[in-house]
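Asker: Take the numbering used here: the last position of the sequence shown gets the number 169, and nothing is skipped along the way.
In this text, a Cβ means the ideal position worked out from N, Cα and C, and glycines have one as well.
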Amino acid sequence: MSQEKLLTYAQNSDVAAEIAARFSLFLGVTVVVAACLISLV
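1. Helix, strand or coil, according to DSSP, for V160 in the structure here?
2. Helix, strand or coil for S130, going by three-state DSSP, please let me know.
3. Quick check on V169: does DSSP put it in helix, strand or coil?
4. Just the C-alpha distance for V143 and A149, rounded to the nearest angstrom, thanks.
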């Protein structure tokens with residue numbers, strides 16, 4: 129594997145990690161809001 133390909137792969141995995149982090153954060157907020165709504169009902 130060439131160095132350029134390795135660098136591109138590293139950047140792609142960084143982007144994937146950022147997307148995963150944002151998604152998990154969004155998921156966590158959604159779960160908390162849902163739990164609050166359920167407890168109010």
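Answerer: A quick look at the data gives this:
1. Taking the first residue of the sequence shown as position 1, residue 160 is located at position 32. Three-state result, V160: helix.
2. Residue numbering aside, residue 130 sits at position 2 when the sequence shown is read from its first letter. Reduced to three states, the DSSP call for S130 is coil.
3. In the sequence shown, the residue the question calls residue 169 occupies position 41. Coil, per DSSP.
4. Here residue 143 corresponds to residue number 15 of the sequence shown, with the count starting at 1. Here residue 149 corresponds to residue number 21 of the sequence shown, with the count starting at 1. Those two C-alpha atoms are separated by around 10 Å.
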